[in-house]
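What follows is a short report on a single structure.
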Amino acid sequence: MMRLYYHPYSDNARRAVMAAPSLHAPVELAAVDLRAGQQHEPEFLKLNPNHRVPVLVDDEFILWESHAIMQYLTDKTPGQTLYSKDIRARADVNRWLFLCAQHLGPAIGILTREHVLRHLMGPGEADSAEVKRGEDLVCEFTGVLDAHLACRGWICQDKRALADLAIVTPFTGLLVAAAPGKLPIGGFTHVQRWLARMGTLDAWQQTRVVLAPSNPGP
Ligand SMILES: N[C@@H](CCC(=O)N[C@@H](CS)C(=O)NCC(=O)O)C(=O)O
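The sequence shown begins at 1 in this note's numbering and counts up by one.
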């Protein structure tokens, strides 16, 4: 049984967590208490010196970085259909994974920090220049995705792939749960249609971020 360290409110962890049931992979979840700083404890730093979740442990093999974990889990799963062996189809998935890791995820991350994390952990009010920068970047990359989805039901080759699981998590994560209306993507109708479709997946339902009123967040 592999072990996946995560936090329930982490969008980055969620894409790896979602991959596991999508693949029926034998993975047990282990929560890391980020608010208590457990990610800085020596035992955890041995797993990931970057003090971040997710981390996958498969016997003596330790893997951090969420997109790499998704790729590893799919490569380990016989007969899976989320990550093609054909080099061009695989490169197509990779392109969207890198867009997510390098551009889209960090852009949404700016707004998560300004609208959610600042209120929880300080230093308080959102910085309007940062909000504007985050919104511009989110709109730029979401616009590219929206145009791409205009004639497709899924991101890659019109079948569900790792790219869909990777990209949906920041779009539907902590920012949306804790600060509704702060993600400026309402006008992107093709992305909205794709998000609605993603919302019907069991893996998405099972890993949905639900913030209880008594629990203010991460
Ligand atoms: N690029 C990394 C990002 C991981 C990441 O930033 N995780 C956050 C939670 S969303 C974390 O563990 N933060 C704790 C910290 O920075 O100390 C990945 O995709 O796995």
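Idealized CB from N, CA, C, for every residue including glycine.
None of these values were measured; they are calculated from a predicted model.
Inset, instruction - Check whether the Cβ of Gly124 sits closer than 8 Å to any heavy atom of ligand 1, and report yes or no. - result: No; taking the cut-off as 8 Å, the Cβ of Gly124 has no heavy atom of ligand 1 nearer than that.
Legend entry - Terminal residues of the alpha helix (DSSP H) in which Asp158 lies: Per DSSP, Asp158 belongs to no alpha helix (DSSP H) and is neither H nor E.
Inset, instruction - Indicate, with yes or no, if ligand 1 has a heavy atom lying under 8 Å from the CB of Glu140. - result: no
Legend entry - Length of the line joining the Cα atoms of Phe188 and Trp194: 10 Å
Legend entry - Status (buried if at least 16 other CB within 10 Å, exposed otherwise) for Glu28: exposed
Legend entry - Endpoints, the alpha helix (DSSP H) within which Phe98 is located: Ile87 to Leu99
Legend entry - Own chain partners of Leu45 with C-beta closer than 7 Å, once the 5 adjacent residues on each side are dropped: His51
Inset, instruction - Would you tell me roughly how many angstroms separate the C-alpha atoms of Asp146 and Thr112, rounded to the nearest one? - result: Taking the straight line from one Cα to the other gives about 21 Å.
Legend entry - Residue nearest to His67 in terms of C-alpha spacing, selected from Leu34, Arg90, Ala101 and Lys85: Ala101
Inset, instruction - Taking all protein chains shown into account, decide if Tyr6 is buried (16 or more other Cβ within 10 angstroms of its Cβ) or exposed. - result: Tyr6 is classed as buried because its beta carbon has at least 16 other beta carbons within 10 Å across all chains shown.
Legend entry - Buried or exposed (CB count within 10 angstroms, at least 16 for buried), Thr200: Burial call: exposed.
Legend entry - Cβ neighbours of Pro184 in the same chain (closer than 7 Å, five flanking residues each side left out): Listed in chain order, the non-local C-beta contacts of Pro184 below 7 Å within the same chain comprise Glu135, Val138 and Cys139, local neighbours out to five positions each way being set aside.
Inset, instruction - With a cut-off of 8 Å on the beta carbons, I'd call Cys156 and Asp92 a contact; round off their distance for me. - result: 5 Å
Inset, instruction - Compute every distance between the C-beta of Asp86 and the non-hydrogen atoms of ligand 1, then say whether any falls below 8 Å. - result: no
Legend entry - Nearest neighbour of Ser22, chosen from Gly153, Arg208, Pro78 and Ala203 [CA to CA]: Ala203
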